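Report on the structure given below.
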Amino acid sequence: MDIHQLIRKRRSVFPGFYSDKPIERAVLEQILENANWAPSHKLTEPWRYKVFQGDSKLKLGAFLAEWYKEHTPEAKYSELKYNKTLKKAKRSGAIIAICMQRDAEERVPEWEELASVACSVQNMWLSCTALDIGCYWSTPKSIHDYGKFQKLEEGERCIGLLYMGYQGQEVPDSKRGPIGDKVIWYE
Ligand SMILES: Cc1cc2nc3c(=O)[nH]c(=O)nc-3n(C[C@H](O)[C@H](O)[C@H](O)COP(=O)(O)O)c2cc1C
Numbered sequence: 142m143d144i145h146q147l148i149r150k151r152r153s154v155f156p157g158f159y160s161d162k163p164i165e166r167a168v169l170e171q172i173l174e175n176a177n178w179a180p181s182h183k184l185t186e187p188w189r190y191k192v193f194q195g196d197s198k199l200k201l202g203a204f205l206a207e208w209y210k211e212h213t214p215e216a217k218y219s220e221l222k223y224n225k226t227l228k229k230a231k232r233s234g235a236i237i238a239i240c241m242q243r244d245a246e247e248r249v250p251e252w253e254e255l256a257s258v259a260c261s262v263q264n265m266w267l268s269c270t271a272l273d274i275g276c277y278w279s280t281p282k283s284i285h286d287y288g289k290f291q292k293l294e295e296g297e298r299c300i301g302l303l304y305m306g307y308q309g310q311e312v313p314d315s316k317r318g319p320i321g322d323k324v325i326w327y328e
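Each number in my numbering corresponds to the 1-based position in the sequence shown with 141 added.
Put into structure tokens, the structure is as follows:
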């Protein structure tokens, strides 16, 4: 697959589309190595990842589901969503918590560090596409309390979860408005 095809083939693939095939550690290491080649201003390399498989993945799912239950008013609470959160963890081959480590000396603005982490996630996302692994970046409100699940370093925060699994089914097409509407050319 050339780079043009790879970029356009990348999709958000949800756990309902994953097969049961486990993701080998060596494959995850390859994906994470690619994540590490993202750009960052002053080479702060602010991306930090926590990889969950096996029992730890189910514990993370349980934490997210319980957080949802505790923080949702009764009138809005959905048992379906609670169970879906547990099921998503179960169906995934791995879940990677996406974290950002703020530079201790704050040599660059925080938004630049977040941008670098997003570049790093895109490296993983494209790597997954090339390996026939589906994944998607999930940002539930519970991630702001990730520190209650697992200790984070000073200045580190969780900005999402990458659910991953070998793709078992084709996903529907994604849509984009024309690039022409988002670009101004000057000559
Ligand atoms: C920073 C970020 C956060 C996202 N958070 C969520 C999310 O919480 N739930 C969700 O269903 N999709 C989430 N997505 C995926 C987008 O919904 C998805 O990328 C968009 O619909 C386009 O689909 P595509 O990725 O298949 O092209 C997120 C994507 C990004 C980049």
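For every residue, glycine included, the Cβ atom is placed at its ideal position computed from N, Cα and C.
Given the structure is predicted, the values throughout are model-derived calculations rather than measurements.
Residue i (DSSP reduced to helix, strand or coil)
i, result
"residue 320", "helix"
"residue 164", "coil"
"residue 325", "coil"
"residue 191", "strand"
Exposure label - residue i; buried when at least 16 CB within 10 Å
i, result
"residue 280", "exposed"
"residue 167", "exposed"
"residue 324", "exposed"
"residue 234", "buried"
"residue 224", "exposed"
"residue 277", "buried"
"residue 183", "exposed"
"residue 169", "buried"
Limits of the unbroken beta strand (DSSP E) element including residue i
i, result
"residue 298", "297 to 307"
"residue 151", "Counting along the chain, residue 151 falls outside any beta strand (DSSP E), and DSSP gives it neither H nor E."
"residue 279", "274 to 279"
Starting from the N-terminal end, write out each residue whose C-beta falls within a distance shorter than 5 Å of any non-hydrogen atom of ligand 1. In chain order, the qualifying residues are 152, 153, 278, 279, 280, 315.
As an exercise, report each continuous alpha helix (DSSP H) stretch of at least 4 residues that is fully enclosed by the region 201 to 251, in chain order. Within the region 201 to 251, the complete alpha helix (DSSP H) runs of at least 4 residues are 220 to 232.
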